[in-house]
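J.: Sending over a structure as structure tokens; questions will come in a sec.
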């Protein structure tokens, strides 16, 4: 039996500058546990806007959003920030690591903020994620000393540290060469197939999208496929 981790119903959004413009037009989306969903479409179709709504970072919309069985409409920004840290992991085009911190420190930060585990357990969990991604030998390196592909793997480990229900990726391979793009895809595929992690990734990379478990294609603010 499939377990639903995200459901969005009737998501509608407008931009008001320089004039009123409807960017999302009644979008319905459902994502189940263990699905690797690629969100595709031409630039300006609304896919990144939809991602930010689904991730709770954009709250100016009409419709209903349910993540991890919680209806999130009308939650305060502080409540949503705490919810994101617990339930949603993020992997962006740029890794956003703190350059002066070690790899281990960067990964541990979201878990220390969540305050669910003792610091020693957080460190153990961080090492476990690094081993999953083949990065354990770099744990004590300053993140600025890593290559771009290594930094993105650290960002994935950081996204996983709190055992989120969903990982949201916004062009997660957009800044990588073909070798590291394949590496990140293989990691995502293993996360869904082996660990039943749910992933939603916005991408322009057709090859990356084609190997996901489901493609959602957007055009003009609507899902067309």
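Numbering (this note's numbering), first residue to last: 74 to 298. For every residue, glycine included, the Cβ atom is placed at its ideal position computed from N, Cα and C.
1. Classify residue 158 as helix, strand or coil using the three-state DSSP reduction.
2. Spatial neighbours of residue 180 within its chain, please: C-beta separation below 8 Å, excluding the five flanking residues on both sides.
3. On the three-state DSSP scale, how would you describe residue 141?
4. Inspect the beta-carbon positions of residue 248 and residue 225 and report whether they are closer than 9 Å.
5. Can you give me the C-alpha to C-alpha distance between residue 294 and residue 212, rounded to a whole angstrom?
6. Could you check whether residue 282 and residue 102 sit closer than 9 Å to each other, using their CB atoms as the reference points?
7. Go ahead and label residue 138 buried or exposed: buried means 16 or more other beta carbons lie within 10 angstroms of its beta carbon, across all protein chains shown.
8. Do residue 153 and residue 122 have their C-beta atoms within less than 9 Å of each other?
9. Quick check for students: name the residue ranges of the alpha helix (DSSP H) that lie wholly in the stretch 206–245, counting only runs of 4 or more.
T.: The answer reads as follows:
1. helix
2. 199, 202, 203, 227, 230, 231 and 234, listed in sequence order.
3. coil
4. yes
5. 42 Å
6. For residue 102 and residue 282, no; Cβs fall outside 9 Å.
7. buried
8. no
9. DSSP runs (the alpha helix (DSSP H)) wholly in the stretch 206–245: 221–233.
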